[in-house]
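Novice: Before we start, here is the structure in question, set down as structure tokens.
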Amino acid sequence: MEKTDEEIRLALVMNGGVSLAVWMGGVTHEIDLLRRASDPAVPLATVRGSDQPVFDRWRGACDGSSGGPRRRVIVDVVAGTSAGGLNGTLLATAIARGTALDPAPGLEGEDTVLPKLKKIWREDAALAFDKLLPQPGETPRPSILDGAFFAEAVDGVLESIEQVPAEGDSLPITLFVTATSLGSAAQNYQDAFGNLMACPDHRRVYRFEKQTSQCTYQADLLGEEPLENVFARDFRNDFNPATGYPNVLASAARSSASYPLAFAPVSESQIPVSLWVRGVGEPSWVMDGGVLDNAPFGPVLDAIASRELSGPVRRLLAYVVPSPGVLGPSSEGDGAPPLWTRVLGSAIGLPPEADLRTDVETIQSLLSQADGLGSDSTAFFASLLGNPVLEEETQARAEQAQATAELLLPTYRGARIIGAIFEARRLVATASLAPTPTAETVEDLGDIVPLWVPEAGVNGLAEEVWHWGVTGAERTVRLFVRDLRRRLDMAPVETNPAAGLSALTNLWLPRIEAVKRAFTEGLQTELQGAGDAPAEDIAASINSVIEELQVREALALLVGGATAAYRGAVTSGLSQDELLQSALNVEVISRAFQARSPSRAVAPFEFLRLGPDVKTPVLGEPLSGQIMSQPERKLYGTQMAHFAAFGHPSWRDWDWLVGRLDAVAHLGNALGRDEAWVWETQVAVLESESVSLESLSTGMESMLDMSLPQLINKLRDLPDNYGPNLVRNLVASAADGLAHLENPPALRVPARILARARRPLRWWLRRKGF
1 MEKTDEEIRL ALVMNGGVSL AVWMGGVTHE IDLLRRASDP AVPLATVRGS
51 DQPVFDRWRG ACDGSSGGPR RRVIVDVVAG TSAGGLNGTL LATAIARGTA
101 LDPAPGLEGE DTVLPKLKKI WREDAALAFD KLLPQPGETP RPSILDGAFF
151 AEAVDGVLES IEQVPAEGDS LPITLFVTAT SLGSAAQNYQ DAFGNLMACP
201 DHRRVYRFEK QTSQCTYQAD LLGEEPLENV FARDFRNDFN PATGYPNVLA
251 SAARSSASYP LAFAPVSESQ IPVSLWVRGV GEPSWVMDGG VLDNAPFGPV
301 LDAIASRELS GPVRRLLAYV VPSPGVLGPS SEGDGAPPLW TRVLGSAIGL
351 PPEADLRTDV ETIQSLLSQA DGLGSDSTAF FASLLGNPVL EEETQARAEQ
401 AQATAELLLP TYRGARIIGA IFEARRLVAT ASLAPTPTAE TVEDLGDIVP
451 LWVPEAGVNG LAEEVWHWGV TGAERTVRLF VRDLRRRLDM APVETNPAAG
501 LSALTNLWLP RIEAVKRAFT EGLQTELQGA GDAPAEDIAA SINSVIEELQ
551 VREALALLVG GATAAYRGAV TSGLSQDELL QSALNVEVIS RAFQARSPSR
601 AVAPFEFLRL GPDVKTPVLG EPLSGQIMSQ PERKLYGTQM AHFAAFGHPS
651 WRDWDWLVGR LDAVAHLGNA LGRDEAWVWE TQVAVLESES VSLESLSTGM
701 ESMLDMSLPQ LINKLRDLPD NYGPNLVRNL VASAADGLAH LENPPALRVP
751 ARILARARRP LRWWLRRKGF
């Protein structure tokens, strides 16, 4: 790989928003085009004819022909909630199966066939009796809209995404889908005086994965078989229609998009608990994930932090959110009291806002950690390595580091002992809000000598046994990885950091992670029901698992192999033992006063908020500037409580197009393209959607000037009496549904009451022209 090459790993967090799913569908379509265009192995013939001009624009932005670096954009993590869960599931499935989300149909007149994702939102998401509206009189009615029809549509698209040989490299993909459980679920906590407190938790997060590099550790084969047999490769693929979870994928996607009352909840009984990332209790009925977590950053941040990549890489975390990123006008506190409708809307909307705020604060914290502790420890480690020009100064610094590490070792040991015992309790016990029983020294553990910290001296592999625990092994190898990344841009000809980096990230680190998983699972089994035991007993259990799984012996082989791979990739006069010694000095000095805290891997990334509040150069000024001042007005999906885009197919066509244009602007900027390039690419998008620039400008001006009464009038004035029929059918379906709701019976509305309620409603509809 040449130094001008750049790999961009794109992680997506896709928000919900009812009919705003259409705008997100356009964004998803454009992301799919970009990631395929950046792969030179993808032939143009596999791209839909109408999309080929846009595909060419993306390819030109990534192939280096315009003078910039050659780029490869790889989507490897996707998390979706509600409508974002559906869009994300379809995109992740296409990636995992090695194909396009919307490949060329290969038929004459191919452009008469809608893209799969567009078909779902344009045709299947129609408020009609042969689509989302149940047939009149159907009883019992679990919801106002027909979730079964929509489930069949989603299932059909998933089945149509064929498992084919990969167009390019075989790449991993991880999908997270959120839902909200209706069943009883709680985590018990205990205060300092033994009182229990139940904290309800109805959040669900499901994880689907295509993994080609994960290893499994078979401890009983250690010393009996070669390492490649001890650490067998796990080629898990939850997206494979033959061996994965195709039906579960569809159920998870629809459950996440099951907007309350509009769609019926979905049973999660067919979703294996092994796929749960977050959730407690038994399988239950689940609904829209956006009720509690509309932006699932947490699992994504953990995934990108734990996924080390070989080669020059730029990590981009894109938050795909269909709402503007600017605050509206604030209300005066001394004015008239707000209406009850506004109070109710705020009560519904504020909890997800608080959850998002917490996520954003977490992102800020992790970015700070990635830029701080990681880069600082890497720079310190580099200063300890051999430098032919400053040999005496380097030697003196290394000796000082050794002395400092020896001085801090007792502090480091005590903190690691406490931290390990606390983490062990957290795995299995009733969570405690009491002060954690601690152990400051080995003497506090009685006769137990902890096997996860060295007894004395900062040494590496004493007697072919690793004394620094799984956490110490993982951090040491990740330090080697970070240093090799630093060297890639400054590597002399006679060294090969990329080869060493590949060995560390594809061979040695996955094996260490396999030992870590086996150790964690073994400890959960060992401590089942005994998490509140004294520290001495917890330490004994940890030691028991370490010995049973031969953790120290396995890690000695792995860290030794990783250190050898690292030494072969760097120019240094230090021996393998000396390099490892320097790394352990960094471990002790950097972690001595932080080892009590739970360890969470962090990795540098750039954050991109991909929303509708972005300039649209193809429209020119001043219209593009007007959009930036009121971006919420440009979409149908932001109107009528986010349901308006379902009003008419042409409205969904508009939101889909705007989603594509917005994605071009955001992603073009992220790739360093200028406004002229964005303008030309947006022109290509218009051509692919058969929309003229004049009609786009006219339509946008109309959208920005349209009030809610005008939107209602526009719906009423649609051709063929479409709007009045739609409203009447929707009202009739809702009334019919309320009269025949399944459970609980108390929610059923007597027919006579509905009949009385219909009269004033019909009068109001007639007055409005419906």
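Numbering (the UniProt record's numbering), first residue to last: 1 to 770. C-beta: ideal position from N, C-alpha, C; glycine also. Note that the structure is a prediction, hence the values are computed from the model and not measured.
#1: Could you tell me if C199 is buried or exposed, where buried requires 16 or more neighbouring beta carbons within 10 angstroms of its beta carbon?
#2: Along the chain, which unbroken stretches of the alpha helix (DSSP H) at least 4 residues long are found entirely within the segment 503–534?
#3: Report yes if the C-beta distance between G16 and A79 is below 7 Å; otherwise report no.
#4: In the DSSP output, which residue or residues are listed as bridge partners for V75?
#5: Between which residues of its own chain and P617 is the CB-CB distance below 6 Å, once the five residues before and five after are set aside?
#6: Around the C-beta of R9, are 16 or more other C-beta atoms found within 10 angstroms, so that it is buried, or is it exposed?
#7: Between S284 and F176, what straight-line distance do the alpha-carbon atoms span, to the nearest angstrom?
#8: On the premise that L20 lies in contact with G560, defined as a C-beta separation below 8 Å, what is that separation, rounded to the nearest angstrom?
#9: Taking the alpha-carbon positions, what's the S181 to M197 distance?
#10: Out of L33, W508 and V481, which has the shortest C-alpha to C-alpha gap to P497?
#11: For Q581, count neighbouring C-beta atoms within 10 Å of its own C-beta (all shown protein chains included) and say buried if the count is 16 or more, exposed if not.
#12: Would you call the CB atoms of A665 and V586 closer than 7 Å?
#13: Can V465 and V27 be called in contact, C-beta distance under 7 Å?
#14: Helix, strand or coil: how does DSSP classify D63 here?
#15: I need the straight-line Cα distance from S590 to S377, nearest angstrom please.
#16: Looking at the strands, I want to know which residues DSSP matches up with S181.
#17: Where does V248 sit, in a helix, a strand or coil, going by DSSP?
#18: Among L275, L171 and S267, which one has its Cα closest to the Cα of G183?
#19: Does the count of Cβ pairs from the segment 220–229 and the segment 548–567 closer than 8 Å reach three?
#20: Round the Cβ separation of I173 and D288 to the nearest angstrom and send it over; I've been treating them as touching at under 8 Å.
#21: For I627, name the three-state secondary structure that DSSP assigns.
#22: Check whether the Cβ atoms of D102 and K119 sit closer than 7 Å, and answer yes or no.
#23: What residue does the alpha helix (DSSP H) around T471 start on, and which one ends it?
#24: For Q682, count neighbouring C-beta atoms within 10 Å of its own C-beta (all shown protein chains included) and say buried if the count is 16 or more, exposed if not.
#25: Between the segment 692–701 and the segment 29–45, are three or more C-beta pairs nearer than 8 Å?
#26: Return the CA-CA distance between R35 and E578, expressed in angstroms with no decimal places.
#27: Check whether the segment 53–66 and the segment 228–235 are in contact - that is, three or more C-beta pairs closer than 8 Å.
#28: Can you say whether T525 is buried or exposed, counting buried as having 16 or more other CB atoms within 10 angstroms of its CB?
#29: So what does residue 785 bridge to, in DSSP terms?
#30: Output the boundary residues of the alpha helix (DSSP H) element that contains F607.
#31: Give me whichever residues DSSP pairs with R633 in a beta bridge.
#32: Out of S274, V273 and L704, point me to the one whose CA is closest to G625's CA.
#33: So, using beta-carbon positions, are E209 and D191 closer together than 7 Å?
#34: Using the DSSP secondary-structure output, state which residues sit across from V313 in a beta bridge.
Specialist: If we stick to the structure as given:
#1: By the 10 Å Cβ count, C199 comes out exposed.
#2: At a cut-off of 4 residues, the continuous stretches assigned as alpha helix (DSSP H) that sit fully inside the segment 503–534 are 509–526.
#3: No, Cβ-Cβ distance for G16 and A79 is not below 7 Å.
#4: Listed as beta-bridge partners of V75 by DSSP are L10.
#5: Correct list, in chain order: E675, V678 and W679.
#6: Classification of R9: buried, given that the 10 Å Cβ count is 16 or more.
#7: The alpha-carbon atoms of S284 and F176 are separated by roughly 18 Å.
#8: Contact annotation, G560 with L20: C-beta distance approximately 53 Å; criterion of less than 8 Å not satisfied.
#9: If you take the alpha carbons of S181 and M197, they lie about 20 Å apart.
#10: For the residues L33, W508 and V481, the minimum Cα distance to P497 belongs to V481.
#11: With 16 or more other Cβ atoms from the protein chains shown falling within 10 Å of its own Cβ, Q581 counts as buried.
#12: Taking the C-beta atoms as reference points, V586 is found no nearer than 7 Å to A665.
#13: No, they are not a contact pair.
#14: Coil.
#15: In this structure, the CA atom of S590 is about 7 Å from the CA atom of S377.
#16: Within the DSSP secondary-structure output, S181 pairs in a beta bridge with V286.
#17: Helix.
#18: When only C-alpha atoms are compared, the closest one is S267.
#19: Because the criterion of three Cβ pairs below 8 Å is met, the segment 220–229 and the segment 548–567 touch.
#20: Contact between I173 and D288 is ruled out by a C-beta separation of about 24 Å, above the 8 Å threshold.
#21: DSSP, read as helix, strand or coil, puts I627 in helix.
#22: Not a contact, by the Cβ cut-off of 7 Å.
#23: T471 -> alpha helix (DSSP H) spans G469 to L488.
#24: Looking at its Cβ environment, which holds 16 or more other Cβ atoms inside 10 Å, Q682 is buried.
#25: Contact between the segment 692–701 and the segment 29–45 is absent, because fewer than three Cβ pairs lie under 8 Å.
#26: Approximately 43 Å, taken between the alpha carbons.
#27: No, they do not touch.
#28: T525 comes out exposed.
#29: Given that the chain is displayed from residue 1 to residue 770, the structure contains no residue 785 and the question cannot be resolved.
#30: Per DSSP, F607 belongs to no alpha helix (DSSP H); it is in the beta strand (DSSP E), E606 to L610.
#31: According to DSSP, R633 bridges with nothing at all.
#32: Answer by Cα proximity: L704.
#33: Contact flag unset, no.
#34: Bridge partners of V313: E7.
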